[in-house]
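Engineer: Protein chains in written order, with UniProt numbering: chain H, 1 to 341; chain W, 1 to 341. Cβ coordinates follow ideal geometry from the N, Cα and C atoms, glycine included.
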């Protein structure tokens with residue numbers, strides 16, 4: 001399969017938030033990793049911790065374009081392909097909706113063809129957004145969703161649904177062995193401060209002393225999974241041999257309102273800035289909580305890092321990143337994000 | 001806009017069932033038509049009635065590939081682009097699900113870029129399949145659907161949803177003026193006998209004296225729109241200036257069970273072959289009826305051809321096509337399919 005050469009793991013989108021943590025964890029297991037990223041929304045600095053690792057290689061390329069020769073020439077060495085390539089925060093994926101759709105459909109197609117050619121196992125990072133603004137709660141994998149295919153979020157939501165469809169078609173046709181993870185809200189160090197999602201927004205605003213923005217009345221709920229738990233789940237899903245034609249929810253089922261999250265962050269940072277309410281974005285989901293019994297049973301996986309701990313590590317990292325002097329509790333008791341996985 | 005040259009209408013998928021009727025109707029209005037088709041599921045014979053018309057040109061090409069130079073060199077002449085390119089019957093679109101998805105997403109993308117470059121108005125032929133196996137009945141345009149994005153129909157259903165998303169994004173960005181028609185079951189002369197859908201299946205089986213196949217117990221419902229009504233609706237939607245960011249259902253709201261349809265066909269053909277029941281296909285919709293108040297209000301459109309009349313014309317056409325000698329009632333009172341629109 002690998003012509004006697006070393007086996008490689010491809011991580012498309014490997015310079016992004018989840019991708020960079022995944023690359024680091026794979027390297028920690030002694031895997032050789034090729035990271036493909038267009039650096040559109042990634043933070044290249046995310047790679048700093050391991051960019052000189054002998055098992056790591058970075059290729060700057062966009063999965064929408066034909067895959068680069070430097071990658072294709074080693075096709076038969078790839079045994080695992082993780083597709084994490086796509087801007088994932090609404091302001092970012094809506095900035096170029098055409099590219100978002102193509103990243104999900106054409107990018108996934110390019111990587112599925114590579115997986116077929118390589119005989120590699122393929123994992124698609126899908127999303128809880130395939131459930132849209134859900135009418136079922138919590139969201140089980142067999143819930144078909146409540147997604148507007150005409151609205152401003154559709155480029156991402158429908159792009160991921162289309163990517164899932166194509167991924168399962170490859171499996172149905174026997175062209176590739178596939179895994180599909182539906183990733184729920186994930187947070188932790190190395191998010192972009194300007195990511196535009198609720199954890200990074202609130203933490204950065206709290207740390208900077210700026211006024212704090214809450215969309216709607218803050219009663220909408222989310223469930224936040226710490227990054228080390230998510231990376232652990234993705235790797236278990238990829239390596240488990242008994243996964244069939246089913247997507248698997250990965251996320252933390254501890255649900256809270258945005259107001260409760262804010263209170264945790266205010267406690268941790270000691271911030272006292274005023275809270276300003278703005279209108280909810282179009283099609284913003286009111287409730288979001290994963291039903292993770294599939295992952296529990298199949299992968300023996302469930303999140304282990306409690307919110308207080310993960311949030312403290314995240315606040316500490318943002319404080320250091322922003323050079324903010326705001327007090328951050330609990331900094332000392334936090335293990336390194338990846339080691340915690 | 002057209003450099004003084006004659007304005008052109010592009011019909012992608014123009015050799016297919018609906019596409020060929022549309023080409024003929026456009027030519028009947030004095031429009032110049034370029035028909036693009038890969039002839040994958042089209043019947044080239046569909047073009048026979050007008051292929052020598054001076055206003056008609058056929059280009060064999062696949063919308064998944066880059067558009068051919070013979071088309072691109074006249075970009076600025078196109079004022080209207082109809083995208084009807086995609087196999088539409090489950091056995092056909094499931095035969096190559098990868099190509100089905102790419103036709104919908106990459107094909108639509110190519111044609112949207114052409115529309116932008118040309119300054120042409122773009123119409124996407126979407127489908128009632130975006131509603132999946134609907135839990136709301138009848139289906140209004142704001143119903144978000146009950147579609148499995150992991151099943152064997154997803155390549156088509158999710159492909160169309162993704163195509164809608166991209167089409168509306170082009171409009172939102174001001175890159176093209178767009179129309180999206182959600183087409184419900186349509187029937188009439190020039191369907192493929194081996195199309196695999198219920199009207200052509202039942203009519204051809206009845207005419208040939210073979211045993212007649214009903215999937216499930218036949219209590220599932222459909223609503224059948226005659227082709228001339230559909231073509232009329234598509235052209236009205238394209239030409240109406242007051243359509244905003246909304247998809248428009250086009251279909252006949254007269255709902256009936258498959259068993260009722262079968263009885264009509266048995267009456268018309270005098271067939272007496274035995275009826276055999278087979279299991280329902282996966283994710284087959286149980287009910288399907290368009291709510292067409294948007295089309296009524298906006299386009300002053302509603303179907304005018306009653307089922308008995310349309311079905312008689314269809315049976316007559318299939319009888320002639322198959323060389324079958326079965327008796328066909330009502331043949332004489334049927335106007336030509338396009339003239340009826």
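(1) If contact means a Cβ-Cβ distance below 8 Å, which residues of the region 174-199 of chain W contact chain H?
(2) Would you mind telling me which residues of chain W sit closer than 8 Å to residue 150/H, beta carbon to beta carbon, in chain order?
(3) In the region 275-315 of chain W, which residue ranges form an unbroken alpha helix (DSSP H) of at least 4 residues, counting only runs that do not cross its ends?
(4) Note down the Cα distance separating residue 68/H from residue 169/W, rounded to an integer number of angstroms.
(5) Relative to the C-alpha of residue 209/W, which residue among 29/W, 269/W, 91/W is closest?
(6) Identify every run of the beta strand (DSSP E) within the region 159-228 of chain H, keeping only runs that are complete inside it and at least 3 residues long; order them along the chain.
(7) Rounded to the nearest angstrom, what separates residue 238/H and residue 118/H at their Cα positions?
(8) Pick from 149/W, 148/W, 161/W: whose alpha carbon is nearest that of residue 153/H?
(9) I'd like the list of long-range same chain contacts for residue 350/H, defined as Cβ closer than 6 Å, with 5 residues on each side in sequence excluded.
(10) Would you say residue 98/H lies against chain W (beta-carbon separation less than 8 Å)?
(11) Select from the region 112-134 of chain H all residues with a C-beta closer than 8 Å to any C-beta belonging to chain W, and list them in chain order.
(12) Which residues does DSSP list as the beta-bridge partners of residue 17/H?
(13) Using 8 Å as the cut-off, can you tell me whether the region 183-190 of chain W makes contact with the region 268-287 of chain W, which would need three or more C-beta pairs spanning the two stretches below that distance?
(14) Which residues in chain H have a C-beta closer than 8 Å to the C-beta of residue 155/W? List them in chain order.
(15) In the structure shown, what three-state DSSP assignment does residue 143/W receive?
(16) Let me see if you follow: with CB-CB separation under 8 Å, is residue 101/W close to chain H or not?
(17) Would DSSP call residue 327/H helix, strand or coil?
(18) Strictly by DSSP, which residues pair up with residue 152/W?
(19) Under three-state DSSP, which class holds residue 32/W?
(20) Given residue 226/H, which residues of its chain have a CB within under 6 Å of its CB, disregarding the five upstream and five downstream residues?
(21) Straight-line CA distance for residue 63/W to residue 106/W?
(22) Can you pull the DSSP bridge partners for residue 82/H?
(23) Kindly list, in the order they appear in chain H, the residues whose Cβ is closer than 9 Å to that of residue 251/W.
(24) Assign residue 1/H to one of three DSSP states: helix, strand, or coil.
(25) Check residue 322/H in the structure and name its three-state DSSP category.
(26) Taking 8 Å as the threshold (C-beta atoms), are residue 18/W and residue 230/W in contact?
(27) Any C-beta of chain H sitting closer than 8 Å to the C-beta of residue 291/W?
(28) Here's a check: name, in chain order, each residue in its chain whose Cβ is nearer than 6 Å to the Cβ of residue 36/H, leaving out the five neighbours to either side.
(29) So with CB distances below 7 Å, who are the chain W contacts of residue 147/H?
(30) For residue 6/W, is the classification buried or exposed, using 16 other Cβ atoms within 10 angstroms of its Cβ as the cut-off for buried?
(31) If you measure between the beta carbons of residue 252/W and residue 224/W, is that distance less than 8 Å?
(32) Taking C-beta pairs closer than 7 Å, name the residues in chain H that residue 106/W reaches, listed in chain order.
(33) Using DSSP with H/G/I as helix, E/B as strand and the rest coil, what is residue 256/W?
(34) Could you name the residues of the same chain whose beta carbon sits closer than 8 Å to that of residue 51/H, not counting the 5 residues immediately before and after it, in chain order?
(35) CA-CA distance, residue 45/W and residue 98/H?
(36) Against chain W, with Cβ distances strictly below 8 Å, would residue 172/H count as a contact?
Structural biologist: Quick look at the numbers:
(1) 180
(2) What you label residue 150/H is simply residue 150 of the first chain in a count that begins at 1. Neighbours of residue 150/H on chain W, chain order: 164, 165, 168, 180, 245, 246, 247.
(3) 293-299
(4) The residue labelled residue 68/H in the question sits at position 68 within the first chain. The residue labelled residue 169/W in the question sits at position 169 within the second chain. Spanning the two alpha carbons is a distance of roughly 29 Å.
(5) Locating residue 209/W in the second chain gives position 209, where the first residue counts as 1. Measuring from the Cα of residue 209/W, the nearest candidate turns out to be 269/W.
(6) 177-183, 212-215, 221-223
(7) By one-based count along the first chain, residue 238/H stands at place 238. By one-based count along the first chain, residue 118/H stands at place 118. Their backbone Cα atoms lie some 16 Å apart in a straight line.
(8) The sequence position of residue 153/H within the first chain is 153, counting from 1. Ranking the options by Cα distance to residue 153/H, first place goes to 161/W.
(9) Outside the shown range of chain H (1 to 341) lies residue 350/H, about which nothing can therefore be said.
(10) For the purposes of this step, residue 98/H is taken as the residue at position 98 of the first chain. True, the Cβ-Cβ gap to chain W drops below 8 Å.
(11) 130, 132
(12) Numbered from 1 along the first chain, position 17 holds the residue referred to as residue 17/H. In the DSSP output, where bridge partners are listed per residue, residue 17/H has none listed.
(13) no
(14) Stepping through the second chain from its first residue, residue 155/W is reached at position 155. Those within 8 Å of residue 155/W in chain H are 165, 166, 169.
(15) Reading the second chain from its first residue, position 143 is the one you call residue 143/W. Here residue 143/W sits in coil by DSSP.
(16) The residue given as residue 101/W occupies position 101 in the second chain. For residue 101/W, the answer is yes, since a Cβ of chain H falls inside 8 Å of its Cβ.
(17) To locate residue 327/H, count along the first chain from 1; it is residue 327. For residue 327/H, the predicted model reports a pLDDT of 44, less than 50, meaning its position is unreliable; a value from the coordinates is still stated below. Reduced to three states, the DSSP call for residue 327/H is coil.
(18) Taking the first residue of the second chain as 1, we reach residue 152/W at position 152. Residue 152/W is not bridged to any residue.
(19) Position 32 of the second chain, counted from the start, is the residue given in the question as residue 32/W. In this structure, residue 32/W counts as strand in the three-state DSSP scheme.
(20) Position 226 of the first chain, counted from the first residue, corresponds to residue 226/H. Answer for residue 226/H: 188, 305, 310, listed in chain order.
(21) Position 63 of the second chain holds residue 63/W. Position 106 of the second chain holds residue 106/W. Approximately 7 Å, taken between the alpha carbons.
(22) As a first step, residue 82/H must be located in the first chain, where it is residue number 82. According to DSSP, which records beta bridges pairwise, residue 82/H is partnered with 11/H, 123/H.
(23) Taking the second chain and counting its residues from 1, the one referred to as residue 251/W is at position 251. In chain order: nothing, as chain H lies at least about 18 Å away.
(24) Mapped onto the first chain, residue 1/H falls at position 1. With a pLDDT of 45 at residue 1/H, under the threshold of 50, the predicted position of this residue should be treated as unreliable, though the coordinate-derived value follows. Here residue 1/H sits in coil by DSSP.
(25) Position 322 of the first chain, counted from the first residue, corresponds to residue 322/H. It is helical.
(26) As a working mapping, residue 230/W is identified with position 230 in the second chain. As a working mapping, residue 18/W is identified with position 18 in the second chain. Contact: yes.
(27) Here residue 291/W refers to the residue found at position 291 when the second chain is read from its first residue. Closer than 8 Å: no.
(28) Reading the first chain from its first residue, position 36 is the one you call residue 36/H. For residue 36/H, where only same-chain residues beyond five positions count, the Cβ hits under 6 Å are 12, 59, 61.
(29) Position 147 of the first chain holds residue 147/H. Those are 144, listed as they occur along chain W.
(30) Counted from its first residue, the second chain places residue 6/W at position 6. Residue 6/W should be labelled exposed.
(31) Taking the first residue of the second chain as 1, we reach residue 252/W at position 252. Taking the first residue of the second chain as 1, we reach residue 224/W at position 224. Yes, the pair counts as a contact, with Cβ atoms nearer than the cut-off.
(32) Numbered from its first residue, the second chain carries residue 106/W at position 106. By Cβ distance, chain H contributes 106.
(33) Your numbering for residue 256/W matches position 256 in the second chain. Strand, per DSSP.
(34) Along the first chain, read from residue 1 onward, the residue named residue 51/H stands at position 51. Excluding residues within five positions, the ones whose Cβ falls inside 8 Å are 58.
(35) In the second chain, the residue the question calls residue 45/W occupies position 45. In the first chain, the residue the question calls residue 98/H occupies position 98. Going by the C-alpha atoms only, they are around 36 Å apart.
(36) To locate residue 172/H, count along the first chain from 1; it is residue 172. Closer than 8 Å: yes.
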